[in-house]
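These protein sequence lines map, in sequence, to chains A, B, C and D. So for the first sequence, the working numbering puts the first residue at 10; every next one is plus one. So for the second sequence, the working numbering puts the first residue at 204; every next one is plus one. So for the third sequence, the working numbering puts the first residue at 182; every next one is plus one. So for the fourth sequence, the working numbering puts the first residue at 2; every next one is plus one.
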Amino acid sequence: METIKVTNLKKRFRNVEVLKGVSLSVRNGEITAVLGPNASGKTTLLKCILGLVIPDEGTISVMGENTSEGYLYRRFIGYMPQEPNFPPNLTPRYLLELVADIRGFFPEQEVKRLVDVFKLGGFMDKPIGSLSGGTKQKVNSLLALAFNPEILILDEPTIGLDPLSSSKFKEEVLRRKDEGKTVLLTSHIMGEVEELADRVLLMIEGSIRIDSSVGELKERTGEKSLERALAKVLEESFA
Amino acid sequence: MERENWKGWALSLSLLVWCTAGVSQTIEVCSECEYKTIKEALEVAGGGASLLVHSGTYREGTILVTKSVKLIGKGKPVLDGEGKYEVLKIRANNVLVEGFEIINSGRSELEDIAGIKVEDSENCVIRNNTLKNNFWAIYLANVRNCRVENNRILGPFKVGEAYSGNGIHIWQAKGVLVKDNYITGHRDGIYFEFVQDSVIEGNVSEGNWRYGLHFMFSHRDIYRNNLFRKNGVGVAVMYTKEVVMRNNRFELNWGGTSYGLLLKAINDSLVEHNVFYKNTAGILMDECQRTTIRENDFVENGWAMRVWANSMDNTITRNNFLSNTFDLSTNSSKNPNRIEGNYWSSYRGYDLNGDGVGDIPYRPVKLFSYIMENNPAVSVLIKSFFVELLNLIEDTLPAVVPVSVEDRKPLMEKVEWRR
Amino acid sequence: MRTLLLLLPPLLFILLSCEVKPEPEPIEYGKDSCAFCLMIIADAGFSAELKTKKGKVFKFDSIECLAAYILSGKVKEEEILAMWVADFPTKELVRVEEVKFLVSDKLRSPMGLNISAFVKEEDLKEAHRNFGGKILTWEDVLKYVGERWREKIGKAGH
Amino acid sequence: MPEFLKLLRADLRNLKGIKWLWAYLLSLAGMSFLILYLSNDTGKVILSLLNITLLMVPLVSSFFCITYFYDSKSFMEFLLSQPVSRAQVFWSKLASLWLFMSFLYAGGVLIPLIKEVLNPTLWVLLISGVLLSMVFISLAVLVGTVFDDRVKGVSFLLGLWLYLTVLHDGVILAVVYLFKDYPLEGVVLALALVNPVDLARIAVVINMDVAALMGLSEALFREVLGSLWGLSLAFAFMVLWFALPAFLASLLFKRKAL
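Given below as C-alpha cells:
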C-alpha cells in the first residue's frame, strides 16, 4: 500500500525552482532514503510532506488524506528534525506530555522502554537548555518514535548521536520497518543508508534522477557498495 | 496711592446725604400694615422717606423707584419677579436698598433685565441683600458714587448665551465701590465697562461661567483683596489704563482656554502682591505697555505667564515662579520687556560671589513653548519623548535656541513680600 | 510598513489641498475666544467669523473686532475666502455682503462700538425705528471702526 | 480550541523561565519605587512613569519578541509536524507573548503603586502601557514573519522603533512648521492617531491636569481630546494597532515556508 504519494510537486522560492515536478510514492514496510547534494531540494520535499512548506503545484497524500485539506494527517507522522531547538526552559517530560496532549494518548510503555534504550532517565526533568547536543538529539528521537507513528520522517537522524545511541536508534528504525511502518529519511552517510534503506531516491536540482531499490541499483551497476553504484549512475547520466 | 483719595470723598458725600435725609418719615410695609405693598408705600412717600418692609413675599411686578427713599428689609422680605419682571428699578438719587431677598427676574434677549437696576443716579447704596436666580443681578448704568456692598448673589447657573447675565454689572460710572460681595452662577461675576475711579474690594467671585471679573475701558480703578476662583475663563482686564491690581488671589481657573488674569491692552498699570495658583496661564499679556508686575507668586500654573511680543516696556520683577509647567512663553524670539530679578524655582544656576543673584542668566522660555505659542496645534506633543529630548538639548546647549529672553539677575532665594 | 510611511506625505498634501468650503464653522459660545480682543465669545447676536483661502478660521465676539482684525493687517485682503456676521434677529452667521449694519447705542455689542447686522430690510427698519442710530454698509463699518479704534488697531498691527 | 490552550500553556511556561524578563519587571518596579520616593505628587509620579513606559515598553517588547520569535522558529516547525494547525501555533505564540509581557508591565508598575490602585489615571496608564506592549509585540512578530533574515528583521524593527518613539513627533513638528498658514488641527490629530506611542501618551495626558495646556484655541482638540470620546478613540486606535499587524502576520504565517 502507498502511504505517501506525491504527484508532480513544484515549488519555487523567489526565482529559484526548488522542486521541478517531483512524483514519488512510498510504500509501507519500506525504508526510503532521499539522497542528493546540498540544495538539491530534498529537505523541501520532506517539508512539503510535513506541511511546513506549501507547494505551488502538485498533490501529496498521506495515508490517503490530501495534505492540503487539513493538518490531522500529521497524526500518522513522527518527525525528527535535523537540529532540534526546543524551548530551553521546558523539560523533555513536559514536551512529551505536550505532544501526548495534542495526539490524545500517552504511550507509557513505549516511553519507558525508549528512555531506557537511550539512557535518558536522568534527564527527563531537566530544562532542555541545560542538556548537551547529543542528549537533545536523543530527546528528539524519543519524541519521534514514542508515539509509534505509521510514518517516520527523519532528517539526518544520526548526525548528533554518539555511536552507541546511533546504533540503538537504527535498531529502533529497523524494528518499525518490521512492524510494517513506513520510513522516509535523508542522510549523507552512505553506510547508514546502505544499512537501513530498501529504496533510494536520488534528487538533483529539484528532480528525481533515480528511484530504485538498493539491490536493483547495485545489480544494474555491478558495484558492491551503494556509494560507488550511485557514483557510476551519475557519471553515466552526465556523460 | 493718591488715587485712593476719591474713596474718602465718596464716603463723606454719602454720609452727608444720609444725615440730611434721615430725619423725615418712616413708612412700614407688611401684610397687616396700612401699606400692604411697596408700590403703595412709594406713592405716598416723600423724598428722604424710609420704607421699612417686613418679612413676607412681595410679588408686585416691577417696582419703580423715582424718589430718594431708603428701602430697608426687616427679616429678609422676598421680592419675587416671577420670571417675568425686572424686580427693582431705581431712577433717583440717594436711594438705599438693604436687607432684601430678590429673586426670579425676567429674562429677555433684547433687554438686560435685572434684579436691581439703577439708572442715571447718584449716591445709591445696595447692601446686605441676597439675589437669587436673576438674569442680571445688580445692574448699574450711568451712575456716580454708588456702593454695592456685602450682597450675596447666586445666579441661575444656566450655561448659555441668553440665560445668564452678569452678577454685578456696572456701565458708565464713576466713584463706585464694590465691596465684600459673593457672586456665583452668572456669566461674569463683576463687569465694569466705562467705569472710572472706582474700587473693587474684598469680593469673592467663583463659579461664574465666563469671567470672575471683566473689566473694559475702565481707567484709574483699583481692585484688591478679591478672590477669583474656578471661573470659566478667569479675570479679563481689557483696554484700560492706570489700573491697580493688588493682593488678589486667582486660582483654579483651569481649562483649555482659561487663564488667571488676561491683560489685554493695559497701559501704565500695576499688578502687585497677587497669588496665581493652578491656572492654565497665570497671566496672559497682550498689547500691554508700561505695566509693572512685581512681587506676585505664580504657583503650579500651566504657564506662569504668557507674554506676547506686542506687549512692550513692561517690567516683570521680584516675582516668585514656583513649580509651573512653563514659566514664561512668548510668540517672538525677542521680547521687548524687562524681565529681571525674579525667583525661578527651576533655575539651576549658582551664586559664587554670594550676592543672592545667580551668576548665569535664566532663560524662562522653552523652545517648545515658543513653538506652541505660534502654532497651538503642536500642543498634542506635550510630554512627548521628542520634546523632552528637545528640552535636554536646550539645557545642555542653550546657544542653539533662538529665543533670547532671559532674566540676567535671577534670584537665588524666594522673594518674601507682605501684603 | 514602509509603504505606509511613504503614503503619509501625499496623504497630508491631499488633506491640505482639499478645497476649502465657503461655509462658516459653528461658533461654540462660551468656549471659543475672539481672534482680535481675546474675549470669550458669549453673545450670538454680534459674533462674526472669517475664513482664509487656506482654510484657517478666525472667530470674533463682535463685528467691530472683525473689522479691526482686517484693518490691523493681520490677514491680507487677498487671503480672505469669506466673512460672516451674525444676523441680529436670527443669530445666524451670514455673508458680510448680504447684510446692512446698524450702529445704535441701544443695541450694545460686547466691545462697545454697538454695531449689529441685519439680513432682512424689514428687520433693519424695525430695529432702526425702535433703537435709532445710523445705517451703514460694510465699507462704512470699516471706516467707522478705523476712526474710533485707531490706537487699538495700530497696536494690534505690531 | 483546546490545542491552542495547550500550546499557550507551554509557551507561557517557557517564558516564565526566562530570567531577564523578570529583570524587566524588576527594573520597572525599581524605577517606580524610585520615582515614588522622589515625589509624593501622584500626578507627577504617573507622568514620570509615562515617560518610562514610552521609552522602555516599545524597546523591550519589540526586541525581546523578535528575538524570541526567531529563536522559536524551529520549535514551531516541530510543533507543526504534529497534528495541530498553523493558526493554533501562531496565535498561541502571539497570545503567550501578549499575556506575559502585559503581565510583566502591569506588575512592574502596579506593585509599587498598589496604594493608588483606585486612581483612574493609573489605570489609564496601565491600559496604555499594556496596549503599547501588545502593539510592539504584534509589530515584532509581523517583522519576524516578513523577514527570514534575522539581521534584516532586527534592523528594520530598530528603524521602526526609532521612528515611532522619536522621529514621528519630529515629523509632526516639521509639518506644523511648514504648513502654519493652514488649519492643522485635523492633520496633527490624524498624524498623532497613526502612531501608537503618541496614542498611549495622549491617552494618559488627557486624563491629567496638563491636558489643559493642549486645548488652547483649538476647537477640534477640545472636542476630540477633552472627553471620554478622546480616550476611547485613542484606545480603539491602539487596539487596531496591535490587531491589524497581528492579523496580517497570521495571514503571512499561514502560507509561509518554514
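Ideal Cβ positions, reconstructed from N, Cα and C, are used throughout, including at glycine. The model shown is predicted, which means the values in this text are computed figures rather than measured ones.
- The beta carbon of A:Phe95 falls within 8 Å of a beta carbon belonging to chain D, placing the residue at that interface.
- Segment contact: the region 458–468 of chain B against the region 486–498 of chain B, three or more CB-CB distances shorter than 8 Å; contact assigned.
- The DSSP-derived three-state label of B:Gly435 is coil.
- Taking the Cβ atoms as the reference, B:Gln228 lies roughly 5 Å from B:Ala252, within the contact range of under 8 Å.
- With respect to the 8 Å criterion, D:Val205 and D:Ser129 are classified as neighbours on the basis of their beta carbons.
- Per the DSSP secondary-structure output, C:Leu247 pairs with nothing in a beta bridge.
- In this structure, the beta-carbon distance from D:Ser93 to D:Leu9 falls below 8 Å.
- In this structure, B:Pro613 places its C-beta atom within 8 Å of the C-beta atom of B:Tyr565.
- Residue range 43–72 is occupied by the alpha helix (DSSP H) that includes D:Thr68.
- Proximity of D:Ile203 to chain A, defined by a Cβ-Cβ separation below 8 Å, is not satisfied.
- Contact between the region 495–508 of chain B and the region 467–477 of chain B is established, with three or more Cβ pairs separated by less than 8 Å.
- Using a CB distance cut-off of 8 Å, A:Phe22 counts as an interface residue toward chain D.
- Within chain D, the residues whose beta carbon sits less than 9 Å from that of A:Arg112 are Gln83, Pro84, listed in sequence order.
- DSSP, reduced to helix, strand and coil, places D:Gly108 within a helical segment of the structure shown.
- Boundaries of the beta strand (DSSP E) around A:Val71: 66–71.
- Boundaries of the beta strand (DSSP E) around C:Lys315: 315–317.
- Contact between the region 187–198 of chain A and the region 111–120 of chain A is absent, with fewer than three C-beta pairs closer than 8 Å.
- Every unbroken stretch of the beta strand (DSSP E) spanning 3 or more residues and falling wholly within the region 515–542 of chain B is given here in chain order: 518–520, 523–525, 529–532.
- A:Asp125 and A:Arg184 have their alpha carbons spaced roughly 16 Å apart.
- B:Tyr550 and D:Leu6 have their C-alpha atoms some 57 Å from each other.
- DSSP places A:Val15 inside the beta strand (DSSP E), whose first and last residues are 11–22.
- Around B:Arg423, no beta-carbon contact reaches into chain C at under 9 Å, the shortest distance being about 18 Å.
- Across the region 237–257 of chain C, no CB contact with chain B closer than 7 Å is found for any residue.
- By the CB criterion at 8 Å, B:Ile563 and B:Asp610 fall outside the cutoff.
- Not one beta carbon of chain D lies nearer than 8 Å to the beta carbon of B:Ser548.
- In the structure shown, the three-state DSSP call for D:Met135 is helix.
- At a cut-off of 8 Å between beta carbons, C:Lys235 contacts chain D.
- For D:Phe248, the enclosing alpha helix (DSSP H) covers residues 229–256.
- In terms of beta-carbon proximity, A:Glu92 lines the interface with chain D, with at least one pair separated by less than 8 Å.
- Shown in chain order are the members of the region 424–448 of chain B whose Cβ falls below 9 Å from a Cβ of chain C: Gly435, Val436, Ala439, Met441, Tyr442.
- From the beta-carbon of D:Glu186, the residues of chain B found nearer than 8 Å are Ala580.
- With a 10 Å radius around the Cβ and a threshold of 16 neighbouring Cβ atoms, D:Phe180 comes out buried.
- For B:Glu352, the enclosing beta strand (DSSP E) has its first and last residue at 350–352.
- With fewer than 16 other Cβ atoms from the protein chains shown falling within 10 Å of its own Cβ, A:Phe114 counts as exposed.
- By the neighbour-count criterion, in which a residue is buried when 16 or more other Cβ atoms sit within 10 angstroms of its Cβ, B:Ala602 is exposed.
- Judged by DSSP in its simplified three-state form, C:Lys301 adopts coil rather than helix or strand.
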